[in-house]
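In what follows, a single structure is set out as structure tokens and then discussed.
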Amino acid sequence: MRYLRAWFALLFAVSVAAGSAFGDPPPWAGRGERDRVSSQPALVGTVASDYRRGRQLEVRSGRDTYRVDLSRATVRGADSGRIDRGTRVLVWGSRVSDRAIRATRVQVLGGDNDRRFGVGDRPRASNNRYTLTGEVTRRSSAMSTRNIRVSARGTEWFVEVPKEVRVIRGRDEISIHEVPQGSQVRVEGVRIDRANHIRAERILVLDWRDDRRDDRRDDRRDGLTAYEGSVRDVDARDGKFRMRLNRFETVTVHAGRDTDIVRGGRRASLNDLREDTRVRVHGRLDSRAKSLDARRVEIL
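Going by our numbering, the first residue of the sequence shown is number 11, and it counts up by one from there.
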């Protein structure tokens, strides 16, 4: 019996400690303490997945993404019950695991709601938030990485670009792989520790030419992506050439009879390509085979 009592006492202590770790009040807490805890949101973050009156929501806060159960939650501030990706939210409820929350209430932030709940233009964890403007010194790789390097304030910064990050150029949203080396960008995100490392939350491309917009719209409609690089060698007989994307990666570009090859608005051919010629290729990339089926090749 004595061992049984000790066992129950241990279980009780562990449950109380776990509740304290998640911010839950202990069982003996008074009403004031319970009200204080319940009035504080369990999570402040940014929606990582679109919500259409579903039962779950993914919310990113800092470096972590949480799964929020909405089955018993009241959602306020949403336009027609819609919460889009990138929306900032407050979540009240209880944690059911390390990265799962059973919500009782969700408040959508933005505009008047930010002022009402005392939340500024940035998420609560704002100590490490950072914005920089500079030049892309190393572009991302469609085959291996979504990271870029940006030179700003006399320093080269490593910029981590998660898949959900919006990259805006003019009025269009583009892929990070469409941002060429030499572009001027503004990066908004979170600085990681003391190193020159930023996890981006939004990227604005500041220098863009309006005459490319029609090409980008056509690419998105046809499921294509634009890649820029320099010609390494040409095999005009077999209708292909190798293109260097950066210092480390080279792809084989297949340009068949249906491929448009242009220079300065006029038709050209593979015979016009020389080593180190700069080109922009619109097509579909097979990252495993390191080959690119070209729909259009622009000689720059």
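Even for Gly, the Cβ is constructed at its ideal location relative to N, Cα and C.
Close beta carbons around residue i, own chain, < 7 Å, minus the five adjacent residues each side
i    : result
K250 : T262, V263, H264, A265
S161 : G144, E145, T147
Alpha-carbon spacing of residue i relative to residue j, whole angstroms
i    : j    : result
L53  : R149 : 34 Å
D79  : A210 : 27 Å
P190 : F168 : 16 Å
L310 : I202 : 37 Å
R159 : A236 : 19 Å
R95  : L255 : 31 Å
T84  : E68  : 16 Å
I186 : R65  : 31 Å
A58  : L100 : 14 Å
S71  : R109 : 10 Å
R92  : T75  : 20 Å
Closest residue to residue i among the options (Cα-Cα distance)
i    : options                : result
V241 : E308, D268, L214       : E308
R77  : P51, R86, T97, S107    : S107
T114 : T97, S81, D243, D245   : S81
D252 : G180, I178, L283, Q117 : The residue asked about is misnamed: residue 252 is Arg in this sequence, not Asp. When only C-alpha atoms are compared, the closest one is L283.
R323 : T75, V177, L67, D245   : Because the chain in this structure spans residues 11 to 310, residue 323 falls outside the shown range and cannot be described.
R98  : S151, G55, V291, S193  : G55
S370 : E145, V171, G164       : Since the first residue of the chain shown is 11 and the last is 310, residue 370 is not available in this structure.
G199 : R294, L234, E166, V175 : V175
V195 : L214, E166, R109, T165 : L214
E188 : S59, R290, T75         : R290
H292 : R257, R298, G239, T260 : G239
L295 : T269, L234, I271       : L234
D245 : E285, R92, G180, R298  : E285
G180 : L216, G192, S193       : L216
T260 : D243, R273, R247, I271 : D243
R212 : R288, R139, T287       : R139
6 Å Cβ shell around residue i - same chain, five flanking residues per side excluded
i    : result
G103 : A52, I111, R112, A113, T114
H207 : F168
T141 : E198
Own chain residues within Cβ distance below 8 Å of residue i, not counting five before or after
i    : result
E166 : T147, R159, V160, N206
R298 : none
K173 : R156
Legend entry - Cβ contact (3+ pairs, closer than 8 Å) linking the stretch 273 to 280 and the stretch 298 to 305: no
Inset, instruction - Could I get the ranges of all uninterrupted beta strand (DSSP E) runs contained in the stretch 81 to 123, with 3 residues as the minimum, in chain order? - result: 84 to 86, 98 to 107, 110 to 118
Inset, instruction - Let me know the alpha helix (DSSP H) ranges lying completely inside the stretch 231 to 293, each 4 residues or longer, listed in chain order. - result: none
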